[in-house]
Structure formats: structure tokens, C-alpha cells
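Colleague: Residue numbers (our numbering), protein chains in the order written: chain A, 703 to 898; chain B, 703 to 898. Note that the Cβ used here is the ideal one computed from N, Cα and C, for glycine as well.
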DNA sequence: CTATTCGTTTAACATAGGATAAATAATCAC
DNA sequence: GTGATTATTTATCCTATGTTAAACGAATAG
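#1: Pull out every residue of the segment 809-836 of chain A whose Cβ sits closer than 7 Å to any Cβ of chain B, in chain order.
#2: Could you please give me the residues that DSSP links to residue 767 of chain B through a beta bridge?
#3: Could you give the C-beta distance for residue 757 of chain B and residue 815 of chain B, rounded to a whole number, given that I count them as a contact under 8 Å?
#4: Using a Cβ-Cβ cutoff of 7 Å, what residues of the segment 837-851 of chain A are near chain B? List them in chain order.
#5: Is the distance from the Cβ of residue 885 of chain B to the Cβ of residue 819 of chain A below 8 Å?
#6: Please report how far the alpha carbon of residue 728 of chain A lies from the alpha carbon of residue 725 of chain B, in whole angstroms.
#7: Answer yes or no: do residue 797 of chain B and residue 784 of chain B have a C-beta to C-beta separation smaller than 8 Å?
#8: Taking 8 Å as the CB-CB limit, is residue 749 of chain A close to chain B?
#9: Kindly say whether residue 791 of chain B, judged by its beta-carbon, lies nearer than 8 Å to any beta-carbon of chain A.
#10: Have a look at residue 864 of chain B and residue 857 of chain B and give me their C-alpha separation to the nearest angstrom.
#11: What do you get for residue 802 of chain B, buried or exposed, if any count of 16 or more other CB atoms within 10 angstroms of its CB means buried?
#12: Using a Cβ cut-off of 7 Å, pull out every chain A residue sitting near residue 772 of chain B, in sequence order please.
#13: Below 8 Å on the Cβ atoms is my contact criterion, and I expect residue 792 of chain A with residue 791 of chain B to pass it. Report the Cβ-Cβ distance as a whole number of Å.
#14: Return the residue from the list A/832, A/879, A/754 and A/890 that minimises the CA-CA distance to residue 859 of chain A.
#15: Using 10 angstroms around the beta-carbon of residue 893 of chain A, count the other beta-carbons present and answer buried if the total reaches 16, otherwise exposed.
#16: According to DSSP, is residue 726 of chain B helix, strand or coil?
#17: Rank A/837, A/707, A/800 and A/745 by C-alpha distance to the C-alpha of residue 720 of chain A and give the top, closest one.
#18: Assuming residue 812 of chain A and residue 745 of chain A make a contact with CB atoms under 8 Å, what is their CB distance in whole Å?
#19: Just to make sure I have the definition right: I need the residues of chain A whose C-beta is within less than 7 Å of the C-beta of residue 885 of chain B. Which are they?
#20: Could you give the DSSP three-state label for residue 875 of chain A: helix, strand or coil?
#21: Does DSSP classify residue 718 of chain B as helix, strand or coil?
#22: Give the DSSP bridge partners of residue 812 of chain B, in chain order.
#23: Tell me the rounded alpha-carbon separation between residue 703 of chain B and residue 809 of chain B.
#24: Given a cut-off of 8 Å on the beta-carbon distance, is the pair residue 804 of chain B and residue 743 of chain B in contact?
#25: Does the beta-carbon distance from residue 800 of chain A to residue 753 of chain A come in below 8 Å?
#26: Let me check understanding here. Comparing Cα to Cα, which of B/760, B/766 and B/780 lies closest to residue 787 of chain B?
#27: Short of 8 Å Cβ to Cβ, which residues in the segment 776-806 of chain B face chain A?
#28: Provide the residue span of the beta strand (DSSP E) that contains residue 748 of chain A, from first to last.
#29: Here's the rule I'm using: 16 or more other beta-carbon atoms within 10 Å means buried, otherwise exposed. How should residue 735 of chain B be labelled?
#30: Apart from the five residues on each side of it in sequence, which residues of its chain come closer than 6 Å, Cβ to Cβ, to residue 832 of chain B?
#31: I need the straight-line Cα distance from residue 709 of chain A to residue 817 of chain A, nearest angstrom please.
#32: For residue 898 of chain A, tell me which candidate among A/750, A/878 and A/861 has the shortest Cα-Cα distance.
#33: Are the beta-carbon atoms belonging to residue 789 of chain B and residue 766 of chain B less than 8 Å from one another?
#34: In or out: residue 748 of chain B buried (at least 16 other Cβ within 10 Å) or exposed?
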């Protein structure tokens, strides 16, 4: 495996950022300083349950999910693929211990941004604070919309919507991780697929 | 009815703000300038469906809900009571037309903050941008947690949790508005209540 | 290549909550 | 206060999804 150069990856990340807010060169450099490129293998935990989340990840290659255990059952909260960020916001934004883990689903390469230092940069570069304000605002809106989808569509409709909106998920993620994301059991998901 | 003085209400609002981020006097004054005190009667729409949301409301007295129509059925997205803000974020934060309305549930007094002007203040007062960043981050985290509650608790558990977390809702809001908030029909809600 | 483990599907049965309709109860207009 | 409207409950029946168990298929280690 050829290891990707950090600079190339940071460029991708900054392109991603530009969709939300354009940064000055100095601000980009400041973010680069607090970022690390990490290679990590399938099925490993990028972050495990039980400590406060102080990192925001950008996925360069591969995929990951946030999951937790509810009454001993493994529940997927969300998926993320290349060119997107992933973070356990209920811990990152509150300082509380996270009950959730980030698990890598395919051999991956991610940029880990040190959030403690990032939040300090907010005071020096309001443009960075604005960038992440916008990123989290967009994620907030997505989450509000997701509630509607969960509450008022049947399991089958949710499955169809997932295929439409995120075909990657079905192609690249084991079904056992998808069912809980859809809010159903693995058996129900299998039944729904069987009807097609 | 004695009309409340705007200054008293703004003080309450600034106290609310202080829980998130303390503002300078100048920043508070700037917000006061773009805020209006509005009295509005039960069952009226504070904002109706179909235009872009450009206002953030703070409820001084009374209560409200955000709702929309799904296949002709009235769905409640959220409730708000005195000393809290309410806004249709899927429109406010994206600029898209809102499919949702804000309906007043009891005779109310609210502060209407002009969001177009507020967002302009972000450039002049980073402290105001930070304040609303924190407000929306907290709302985001609440929403992430709500998904878990919706997806993995029974209707009865969700009802019990509501009584616990927001007894106001049950006491002050018609049941017909509560059932859709819980993701069930009015008949199911009634059945659940009947079992107690 | 084979054995073992892990993931997925199928089957049979149970149940929470939806749909419809009708009966009460509460609220509102006059 | 009376009648009309609106909100809530109760009853019946029905369906989607849960539960458990077993069968089948795919991936992995050695």
C-alpha cells in the first residue's frame, strides 16, 4: 500500500472546508499544525467508548460508523465515507464522556484534528470558528430532517430512501450494522430485502 | 392585561443568553435594536408555512409549537415555553422555504429577533456569533439524543419520559398536538394514558 | 482446501401500535 | 345556559415489526 502524503490529504480537507467557509492561508496552516494523518485497519476502533471526545476526523479513504450499546445490543448512529468528517458531537460539544465509539469499517486513512487545540484557534481566527459553526449547523439541519424520516416512514420506506441517498452504505457496509441505523432488527431488514 | 415593558423582557433574554456566552453591553444593545416585542393570541400562527424563516423568537410568556403537514396530517416537531427560544432551523440556517409553521398555543408574548440583521452582526461582534454557535450546538446535541429516544423506546416509554422531562407539555398542551410529537396517533396516546 | 466462524435469510409465532368508527367529555359561541 | 363544535376515550379489527430458532451462505485462518 502506497502511503498518502499528508499534504495531499490536507488539500482535500481544505477543499471540503471551502464548501462551508473559505479560510486564509494562515488559518489553514494553523489547522494543519494540529492535524495528524492516521492509517487504521478495518474493524479497529478509532475511538472507543468511555472518554471525552476531543478529536474531529476527516475520512480520506475508507469508512467508519459511530455506534453504541443499548441493552447489550449494538446500535449504529451514523456512517461516514471518504471526503466527510465524523465526530461524536454529544461528547465533543458538551465535554461529557461519550458512550459511543467510532469503528472503522474498511481499511482507512483519516485526518485527526485535535479539537481542544481547534477550539483555542476559534479565539485567534474567527474564520475558523465560523467554518465549524457552519459545518455543525448543516449537520444539525440534517439531524432535524432525519427525525422526520425516522418517525413517519415505514421501515421499508427508510430502507428505500437509504439506497437512494447513500448507495455506498448498502454496498460497503455489512447489513448487520445497517439495520439498527434504520431502527429495525436485522431480521426485519432481511425480510424487507427479501420482498424486493 | 398589563403589557410587559420591552426592557424587562430583553433583560430576561440576555439572562438566557448568559447561560451560553456573556455579551458586552454594546453587543446586547445591538441585539436589542433588531428585536421587537410581540403579543399574540392563542391558536394564531406566529409564522406560517411557505416562506423563508428570518426570525428567531424568544418566548417571554406562553407557549408555541413548530408543526407541519405530512400527507394532510398535522405533525408537531417541537414545543417551546417561556424562557426559551424557538426557530425553524431547517429554513433559518439554510435559506430554504420552510414547510413548517410556528403556532402559538397560549396567549403569548415573544421577542422577535430579526435574523437577517442578526447574522450581519456576526461580522461586527464575534461574541454574538459565538453565542448563537453555542445555542445551536446545544440544540444539535439535544436533537441527536432525541433520535435515540425515538428509535429505541416504545411509545409508552416516550410518553413517560415526556412527563418526566417536560411536565409542562402534558399540562398545557392539547393531547392532539402531543401524539404526533411522540410519533404515534392520538388514539394510541389515549390508549397508553388509559393504562395508567 | 477444509473447518470454523460470522453474516444473512427464512420460518413461525407474538405484540405494539395503526385505522376506523362510535361514544363521551370538554369547550366555545351565542 | 343551550346547542354546536372540538377534544378525548373506548372498542374492534388489522398489519408491520419484534422475537426466537434454525437453515443457509460467505469469509477467514490455518
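Modeller: This is what the structure holds:
#1: Within the segment 809-836 of chain A, contact with chain B at the beta-carbon level (separation under 7 Å) is assigned to 828, 831, 832 and 835.
#2: Counting from one through the second chain, the residue named residue 767 of chain B turns up at place 65. Assignment of beta-bridge partners to residue 767 of chain B by DSSP yields B/781 and B/805.
#3: In the second chain, counting from the first residue as 1, residue 757 of chain B sits at position 55. In the second chain, counting from the first residue as 1, residue 815 of chain B sits at position 113. So it is a contact: roughly 7 Å between Cβ atoms.
#4: 838, 839, 841, 842, 843, 845, 846, 847, 848 and 849
#5: Position 183 of the second chain, counting from 1, holds the residue named residue 885 of chain B. Position 117 of the first chain, counting from 1, holds the residue named residue 819 of chain A. No, the Cβ-Cβ distance between residue 885 of chain B and residue 819 of chain A is not below 8 Å.
#6: For the purposes of this step, residue 728 of chain A is taken as the residue at position 26 of the first chain. For the purposes of this step, residue 725 of chain B is taken as the residue at position 23 of the second chain. When rounded, the distance between both Cα atoms is 28 Å.
#7: Locating residue 797 of chain B in the second chain gives position 95, where the first residue counts as 1. Locating residue 784 of chain B in the second chain gives position 82, where the first residue counts as 1. No.
#8: The residue labelled residue 749 of chain A in the question sits at position 47 within the first chain. Not closer than 8 Å to any Cβ of chain B, the Cβ of residue 749 of chain A fails to qualify, so no.
#9: If you number the second chain from 1, residue 791 of chain B lands on position 89. For residue 791 of chain B, the answer is yes, since a Cβ of chain A falls inside 8 Å of its Cβ.
#10: What you label residue 864 of chain B is simply residue 162 of the second chain in a count that begins at 1. What you label residue 857 of chain B is simply residue 155 of the second chain in a count that begins at 1. Rounded to the nearest angstrom, the two C-alpha atoms are 11 Å apart.
#11: Position 100 of the second chain, counting from 1, holds the residue named residue 802 of chain B. Classification of residue 802 of chain B: buried, given that the 10 Å Cβ count is 16 or more.
#12: In the second chain, the residue the question calls residue 772 of chain B occupies position 70. Chain A residues near residue 772 of chain B: 854.
#13: Counting from 1 along the first chain, the entry for residue 792 of chain A is found at position 90. Counting from 1 along the second chain, the entry for residue 791 of chain B is found at position 89. Actually they are not in contact, since the Cβ atoms of residue 792 of chain A and residue 791 of chain B sit about 18 Å apart, beyond 8 Å.
#14: For the purposes of this step, residue 859 of chain A is taken as the residue at position 157 of the first chain. The residue with the shortest Cα to Cα distance from residue 859 of chain A is A/890.
#15: Sequence index remark: in the first chain, residue 893 of chain A carries index 191 (1-based). Flag for residue 893 of chain A reads exposed.
#16: Counting from one through the second chain, the residue named residue 726 of chain B turns up at place 24. Residue 726 of chain B: coil per DSSP, three-state reduction.
#17: By one-based count along the first chain, residue 720 of chain A stands at place 18. Residue 720 of chain A has its Cα closest to that of A/837, out of A/837, A/707, A/800 and A/745.
#18: Along the first chain, one-based indexing puts residue 812 of chain A at 110. Along the first chain, one-based indexing puts residue 745 of chain A at 43. Contact flag wrong, Cβ pair sits at about 15 Å.
#19: Position 183 of the second chain holds residue 885 of chain B. Here the neighbours are 853.
#20: By 1-based counting over the first chain, the position of residue 875 of chain A is 173. It is coil, neither helix nor strand.
#21: Position 16 of the second chain holds residue 718 of chain B. Residue state, collapsed to three classes: helix.
#22: Your numbering for residue 812 of chain B matches position 110 in the second chain. For residue 812 of chain B, which the question treats as bridged, DSSP gives the partners B/740 and B/761.
#23: Along the second chain, read from residue 1 onward, the residue named residue 703 of chain B stands at position 1. Along the second chain, read from residue 1 onward, the residue named residue 809 of chain B stands at position 107. Summary for residue 703 of chain B: the model assigns pLDDT 45, below 50, so the residue's position carries little reliability; its value from the coordinates is reported in the next sentence. Answer to the nearest angstrom: the Cα atoms are 11 Å apart.
#24: As a position in the second chain, residue 804 of chain B is number 102, starting the count at 1. As a position in the second chain, residue 743 of chain B is number 41, starting the count at 1. Residue 743 of chain B is positioned such that its CB atom lies no closer than 8 Å to that of residue 804 of chain B.
#25: The count along the first chain starts at 1 and reaches residue 800 of chain A at position 98. The count along the first chain starts at 1 and reaches residue 753 of chain A at position 51. Closer than 8 Å, so yes.
#26: The count along the second chain starts at 1 and reaches residue 787 of chain B at position 85. When each option's Cα is compared against that of residue 787 of chain B, the closest is B/760.
#27: 777, 779, 791, 792, 795 and 796
#28: One-based indexing of the first chain puts residue 748 of chain A at position 46. Looking at the DSSP string, the run of the beta strand (DSSP E) that includes residue 748 of chain A is 747-749.
#29: Position 33 of the second chain, counting from 1, holds the residue named residue 735 of chain B. That one is exposed.
#30: Locating residue 832 of chain B in the second chain gives position 130, counting from the first residue. Same-chain partners within the cutoff: 723.
#31: Along the first chain, read from residue 1 onward, the residue named residue 709 of chain A stands at position 7. Along the first chain, read from residue 1 onward, the residue named residue 817 of chain A stands at position 115. Going from the Cα of residue 709 of chain A to the Cα of residue 817 of chain A covers about 20 Å.
#32: Counted from its first residue, the first chain places residue 898 of chain A at position 196. Of the candidates A/750, A/878 and A/861, the one whose C-alpha sits nearest the C-alpha of residue 898 of chain A is A/861.
#33: Against the second chain, residue 789 of chain B aligns to sequence position 87. Against the second chain, residue 766 of chain B aligns to sequence position 64. Going by C-beta atoms, residue 789 of chain B is not nearer than 8 Å to residue 766 of chain B.
#34: In the second chain, counting from the first residue as 1, residue 748 of chain B sits at position 46. With 16 or more other Cβ atoms within 10 Å, it is buried.
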